[in-house]
Amino acid sequence: MLKWRIVMDPLMGRSLVTTEIVKKGEMVVEESPFAIGPKQNSGIVCLGCYRDLFFGEDGDSLDRCERCDWPLCSACFDIPDHLGECEIFTKAKVHFAGNVSEDGVCTQLDCITPLRVLLVKESDPDRWEREIAPMEYHNEERRKMVDVWNADFVNIAQYLRGPCRLAERFSEDLIMQIVGILEVNAFEARTTLGYALRCLYPITGILAHNCVPNTFRTIHPSEGFKIRLRAMCNLNEGQQLQHSYTYTLNGTSQRQEHLKNGKFFTCECKRCKDPTELGTNFSTFKCSKCEEGWLLSTNPIDRSCYWKCTLCTFQTSNNAIQKALSVMQSEVATLQAMDPSPQKLQETEKLMRKYRVVVHPLHFIQIGLRQNLIEMYGRVAEYELSELPDVMLEHKEELCRQVLHVLDVFEPGLSRTRAMMLYELHVPLVLLAKSGFISGVLTAEALKLKLLDVIAILNECVDILQYEDPETQEGNLCKVAQQAKNQLTQSVEGLTVAE
Ligand SMILES: C[S@@+](CC[C@H](N)C(=O)[O-])C[C@H]1O[C@@H](n2cnc3c(N)ncnc32)[C@H](O)[C@@H]1O
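Residues in the sequence shown are numbered consecutively from 2, following my numbering.
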């Protein structure tokens, strides 16, 4: 029996609920994509493997399909995904110009994924009617975004119907419906080499959004981009299945904006409505008047709200807060654009100190900076693991624990980000335990207990990552974490023998 069924809600439209109790980690949905293709606004990519391709200014490139001359690397010359559009482009003699805009976008490729959906619709009309036609596409709201709508209309609908000679097969309305369906419902996936693409899944696409999701998905590039949806925690019968359409480690105003502009709704989940973001203070500012109190939004889902101090009478407009946030975000973005280096690490520490007087220590800006630091400690020159003194290892440990603290609230249970953080955490813990033992601060018994704690941490990491495609970066990390766990287990056994 299926573990899900579709229900209708006047506010959310269709969503999925469980038909039985589902245990943490249990699979709820498994399906193959209806269609896959390049992301909207991508650069020039291979239409088979999505790797970036180099095209000269005059459109010169070796990576062109021999038949239609559209971008295709030599390894993908006979890939089935490309055959449909290849035939159309060849017949219509539409030349791929190879132009990219200043920001690196190749608009000529925007038509590919909608065209692939159109071709599957033609070959399997029943499946289209059953699975894709009922999907939401928010035409009314999309039309109001005049520039984007017009660009899609010209670059996709008119391009396919005009130069590609498909006017008799596909109407403008149908093409624009598919453009909307892809925007609202498609998932981003990565190939085994890490190149991005988008995939449209009929069932998984029905999932409702929540800023604290209760499911997690793995997409398997080595199995034709099959998707598997699992329970992140134990679920009751009849419980709505939810995942996050947005980045959970963004603050409420950022998540709200992304959902409004990209998915056309206002999220009214518990987390969004709570000014403290479930007690984490993920969007909380410091009061600039009394310095002791915290500034909290009076209504986080209303852009015209104001912010009030928890201790004094100070209040300020949401506009003022958003301006302060965008200044901080652009400072952070400048820093993030730098290649990892000792200078970048030091500047990140400096920025974190600077913001201490502006926002709560667990504010999302601070958590983002911590994530950057965690990645750099142990990996950049002068801060390599062998060079880190205990005090810096303790600092890395603390950074990891703070990120894990917010993840406990926003992604409770089986979360990929949590697994990555646990892996990062295990490194300073092992090194600190060993240096404590060598310096005589820790007895062999105390060392053993510490290493057993680390084994438990790696165990949880492997437990989460075991579901990933072994050919992906995450799947690879699972193997590495498993090896680290085995080595530590051996060390602990060795310790026991020595006692
Ligand atoms: C990926 S679709 C989900 C399936 C869709 N409800 C349907 O009937 O096909 C995303 C759309 O569902 C609605 N939706 C999903 N989660 C929602 C939520 N938490 N609150 C309000 N609307 C939501 C929004 O209209 C959103 O654009």
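The C-beta atom is built at its ideal place from N, Cα and C for all residues, glycine as well.
Original post:
Would you say the region 118-126 touches the region 55-74, given that touching needs at least three Cβ pairs under 8 Å?
Top reply: Cβ pair count under 8 Å is below three, so no.
Original post:
Mind checking Leu408: buried by the 16 CB within 10 Å criterion, or exposed?
Top reply: buried
Subject >> Same chain, Cβ closer than 6 Å to His244, neighbours up to 5 away in sequence not counted >> reply: Leu208, Pro214 and Thr216
**OP:** Would you mind reading off the limits of the beta strand (DSSP E) that contains Phe217?
**Re:** Residues Thr216 to His221.
Original post:
Bridge partners of Ile7, per DSSP?
Top reply: Leu17
**OP:** Mind the definition here: the region 392-400 touches the region 308-318 only if three or more C-beta pairs lie below 8 Å; say whether that holds.
**Re:** With a cut-off of 8 Å, the region 308-318 and the region 392-400 do not count as touching, because too few Cβ pairs lie within range.
Original post:
Would you say the beta carbon of His139 comes nearer than 8 Å to a heavy atom of ligand 1?
Top reply: Yes.
**OP:** Give the single residue among Gln491, Phe56, Leu17 and Arg128 whose Cα lies nearest to the Cα of Leu236.
**Re:** Leu17
**OP:** Leaving out five residues on either side along the sequence, give the residues of the same chain with a beta carbon under 8 Å from the beta carbon of Ser416.
**Re:** Phe217, Met233, Leu408 and Ile465
**OP:** Put Ser298 into one of helix, strand or coil per three-state DSSP.
**Re:** strand
Subject >> Cβ pair count under 8 Å reaching 3, the region 321-333 against the region 440-455 >> reply: no
Original post:
Within the chosen definition, does the region 417-437 reach the region 475-485 through at least 3 CB pairs nearer than 8 Å?
Top reply: yes
Original post:
Looking at C-alpha atoms only, which residue of Tyr356, Lys351 and Pro203 is the closest neighbour of Cys288?
Top reply: With distances taken between Cα atoms, Cys288 lies closest to Tyr356.
**OP:** Would you check if the distance between the CB atom of Arg191 and the CB atom of Ile220 is smaller than 9 Å?
**Re:** yes
Original post:
Where does Val360 sit, in a helix, a strand or coil, going by DSSP?
Top reply: strand
**OP:** Provide the residue span of the alpha helix (DSSP H) that contains Arg417, from first to last.
**Re:** Membership of Arg417 in the alpha helix (DSSP H) is indicated by the continuous run Arg417 to Ile439.
Original post:
So, helix, strand or coil for Ile45, using DSSP?
Top reply: coil
Subject >> Leu242 vs Val410 beta-carbon contact at 9 Å >> reply: no
**OP:** Measure how close the beta-carbons of Asp1 and Leu433 come, nearest whole angstrom, since I'm counting them as under 8 Å.
**Re:** This structure cannot settle anything about residue 1, because the visible part of the chain is limited to 2 through 500.
**OP:** Since I believe Ser387 is in contact with Leu452 (beta carbons under 8 Å), could you give me their beta-carbon distance rounded to a whole number of angstroms?
**Re:** The pair is not a contact, with the Cβ atoms about 19 Å apart (cut-off 8 Å).
Original post:
So is Asn186 buried or exposed if we call it buried at 16+ other beta carbons inside 10 Å?
Top reply: Burial call: buried.
Original post:
Relative to the alpha-carbon of Val404, which residue among Met377, Glu88 and Leu370 has its alpha-carbon at the smallest distance?
Top reply: Leu370
Subject >> Euclidean distance between Cα positions of Leu167 and Gly38 >> reply: 19 Å
Subject >> For Asp303, the three-state DSSP class (helix, strand or coil) >> reply: coil
Subject >> DSSP three-state assignment for Arg191, whether helix, strand or coil >> reply: strand
Original post:
Would you call Glu500 buried or exposed, if buried means 16 or more other Cβ atoms sit within 10 Å of its Cβ?
Top reply: Annotation note: pLDDT 49 at Glu500 (below 50); position unreliable, coordinate value reported separately. Burial call: exposed.
Original post:
What residues in its chain sit with their C-beta under 8 Å from that of His364, if we drop five residues either side in the sequence?
Top reply: By the criterion of a C-beta distance shorter than 8 Å, His364 is surrounded in its chain by Gly252, Asn282, Phe283, Ser284, Thr285, Phe286 and Tyr356, once the five residues flanking it on both sides are discounted.
**OP:** Return yes when at least one heavy atom of ligand 1 lies under 8 Å from the C-beta of Thr267, else no.
**Re:** Thr267 Cβ: within cutoff of ligand 1.
**OP:** Taking all protein chains shown into account, decide if Asn373 is buried (16 or more other Cβ within 10 angstroms of its Cβ) or exposed.
**Re:** It counts as buried.
**OP:** Could you check if Tyr248 is buried or exposed, using at least 16 other CB atoms within 10 Å of its CB as the buried criterion?
**Re:** exposed
**OP:** Note the first and the last residue of the continuous beta strand (DSSP E) segment covering Glu32.
**Re:** Met28 to Glu32
Original post:
Leu116 by DSSP, collapsed to three states: which one?
Top reply: helix
Original post:
If we call anything under 9 Å between Cβ atoms a contact, is Leu230 one with Ile368?
Top reply: no
**OP:** May I ask you to list the residues that DSSP assigns as paired with Thr249?
**Re:** In the DSSP output, where bridge partners are listed per residue, Thr249 has none listed.
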